[in-house]
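In our numbering, the protein residues as written are 215 to 374.
Notes follow once the structure below has been shown.
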């Protein structure tokens, strides 16, 4: 279980608003898959990085999220362009739900945020998905020389 830290400017009113946002995204995920006439897109307000982390952590608790929901999240919040904490949670969602269209975001994270990427390497290997394991090995081969020795050793033990 992740430790949740209080948000600056949080409080009861933000907590209610946050619950509403999580509920809206879960609703987006549950919509029927049939193609209908182009519906009006849901409007989601901009969130601060801490708020995005909290939203993504709540969505990580969902058993399944559809590729359409993940794509909407990515498009709405430009997750690949956020700070390392947000991108880490985004990559966890990508790995958990095998969202192959966003594997480039995982590659980028593992190359640019090596210290935070150790946990993500573990997630990729635990998934027992051949494509994800191949992604982990390929990224490690590209970055192992730039990693600090102890992190590289930990990742190497996970991968091989």
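Glycine included, every Cβ here is placed at the ideal spot set by N, Cα and C.
### Query
Given residue 310, which residues of its chain have a CB within under 7 Å of its CB, disregarding the five upstream and five downstream residues?
Same-chain partners within the cutoff: 274.
### Task
Determine the closest residue to residue 353 out of 332, 288, 343, with distance taken between C-alpha atoms.
Of the listed residues, the one whose Cα sits closest to residue 353 is 332.
### Query
Enumerated in chain order, which unbroken segments of the alpha helix (DSSP H) with a length of 4 residues or greater are wholly contained in the stretch 249 to 299?
Taking only runs of at least 4 residues, the alpha helix (DSSP H) segments lying wholly in the stretch 249 to 299 are 263 to 274, 281 to 291.
#### Entry: The alpha helix (DSSP H) enclosing residue 321, as first and last residue numbers
For residue 321, the enclosing alpha helix (DSSP H) stretches over residues 317 to 326.
### Query
Taking the Cβ atom as the reference point for each residue, do residue 316 and residue 335 lie within a distance shorter than 9 Å?
Contact flag unset, no.
### Task
Mind checking which residues open and close the alpha helix (DSSP H) that includes residue 346?
For residue 346, the uninterrupted alpha helix (DSSP H) segment begins and ends at 344 to 357.
### Query
Quick one: is the Cβ of residue 338 within less than 8 Å of any heavy atom of the ligand NAP?
What this structure holds is no ligand at all, so the ligand NAP is not there to describe.
### Message
Tell me which residue opens and which closes the alpha helix (DSSP H) that residue 367 is part of.
### Response
DSSP places residue 367 inside the alpha helix (DSSP H), whose first and last residues are 363 to 373.
#### Entry: Three-state secondary structure (DSSP) of residue 302
Judged by DSSP in its simplified three-state form, residue 302 adopts helix.
### 8 Å CB neighbourhood of residue 276 in its chain, flanking five on each side removed
Excluding five sequence positions before and after residue 276, the CB atoms of its chain that fall closer than 8 Å to its own CB belong to 240, 243, given in chain order.
### Query
According to DSSP, is residue 312 helix, strand or coil?
When secondary structure is reduced to three states using DSSP, residue 312 falls in the coil class, being assigned neither helix nor strand.
### Query
Between the Cα of residue 321 and the Cα atoms of 347, 340, 342, which residue gives the shortest distance?
Distance check between residue 321 and each of 347, 340, 342 places 347 closest, using alpha-carbon atoms only.
### Query
When the Cα of residue 180 is compared with those of 291, 340, 286, 366, which residue comes out closest?
As displayed, the chain neither begins before 215 nor continues past 374, which places residue 180 out of reach and without an answer.
### Message
What does the Cβ neighbour count give for residue 279, buried or exposed, with the cut at 16 atoms within 10 Å?
### Response
With a threshold of 16 other beta carbon atoms within 10 Å, residue 279 meets it and is buried.
### Query
Does the beta-carbon distance from residue 291 to residue 268 come in below 9 Å?
Contact: no.
### Nearest-angstrom Cα separation, counted from residue 289 out to residue 364
Roughly 36 Å between the two C-alpha positions.
### Task
Determine the burial state of residue 237: buried for a count of at least 16 other Cβ atoms within 10 Å of its Cβ, exposed for fewer.
Around the beta carbon of residue 237, a 10 Å sphere encloses fewer than 16 other beta carbons of the protein chains shown; the residue is thus reported as exposed.
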